[in-house]
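Notes follow the structure.
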Amino acid sequence: MNIFRLLGDMCHLVAIIILFLKIWRSKSCAGISGKSQVLFALVFTTRYLDLFTSFISVYNTVMKVVFLVLAYATVYLIYLRFRSTYNSESDSFRVEFLLVPVAGLSFLENYAFAPLEILWTFSIYLESVAILPQLFMITKTGEAESITTHYLFFLGLYRALYLANWVWRYHTEGFFDQIAVVSGVVQTIFYCDFFYLYFTKVLRGSGKMTLP
Amino acid sequence: MIGQTSHDEL
């Protein structure tokens, strides 16, 4: 464990909690892409199956359970509890255009042709594109509430910190996870446009983010 | 170590 990875995990947790609390307290999921949240729940489900097969640490196990519970709870809020506030017409990204290539690639490019390993690879590839429906929805509606932009900021920051973690681990322990690193770079690049708008618009106190 | 199949990261 190193500071970059710990900070990254904390950013990830903060992002997920920000979103959950925003929906829970405002009793509305307006402007939130339910499709992205379903994809994130799928990412955690396919990645954390090793909860039942290998114990790494208390921290690892606890965080996996927390991420799974919050991810499914958020999907529940969007599609069941507050479904009347869900903008399904704005959440129109065709997720099959993500799932099919990601599934295909996870069969082609993986470390081992074993079920758990292919599912882990699938979750890594899927996570790098899972935010696209949400970013697409924001470009479609042309705006995002500031709380949603804070959610996206921490979510983007988490994987950027993981990139620093991989640089650190490469130099200190020779660790190099090619699939995770390449996917992590792609994932972080998708946030660059948002980061620019976030720093130039939201942090200047203009509250809501309106796209030019 | 490319290709390890034990993943210790979240």
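Line order of the protein sequences matches chains W and S. So the first sequence is numbered by our numbering: it starts at -6 and just counts up by one. So the second sequence is numbered by our numbering: it starts at 936 and just counts up by one. Each residue gets a CB set at the ideal place from its N, CA and C atoms; glycine is no exception.
Any beta carbon of chain S sitting closer than 7 Å to that of residue i?
i: W:Tyr104; result: yes
i: W:Asp84; result: no
i: W:Glu120; result: no
i: W:Met56; result: yes
i: W:Asp213; result: Chain W is shown only over -6 to 205; residue 213 of chain W falls outside these bounds and no answer can be derived.
i: W:Trp161; result: no
Does DSSP put residue i in a helix, a strand or coil?
i: W:Met56; result: helix
i: W:Thr67; result: helix
i: W:Val31; result: helix
i: W:Ile10; result: helix
i: S:Thr940; result: coil
i: W:Leu145; result: helix
i: W:Ser47; result: coil
i: W:Tyr72; result: helix
i: W:Met(-6); result: coil
i: W:Ser26; result: coil
Which residue or residues does DSSP assign as beta-bridge partners of residue i?
i: W:Met3; result: According to DSSP, W:Met3 bridges with nothing at all.
i: W:Thr203; result: W:Glu136
Name the chain S residues whose beta carbon is nearer than 7 Å to that of residue i?
i: W:Asn(-5); result: Those do not exist, as W:Asn(-5) stays about 11 Å from chain S at its closest Cβ, beyond 7 Å.
Would you mind giving the Cβ-Cβ distance between residue i and residue j, rounded to the nearest angstrom? I have them listed as a contact below 8 Å.
i: W:Phe106; j: W:Val7; result: The pair is not a contact, with the Cβ atoms about 36 Å apart (cut-off 8 Å).
i: W:Phe86; j: W:Leu125; result: 6 Å
Give the residues of chain S in contact with residue i, contact being defined as C-beta atoms less than 8 Å apart.
i: W:Arg(-2); result: Glu944
i: W:Ser47; result: Ser941
i: W:Glu110; result: Thr940
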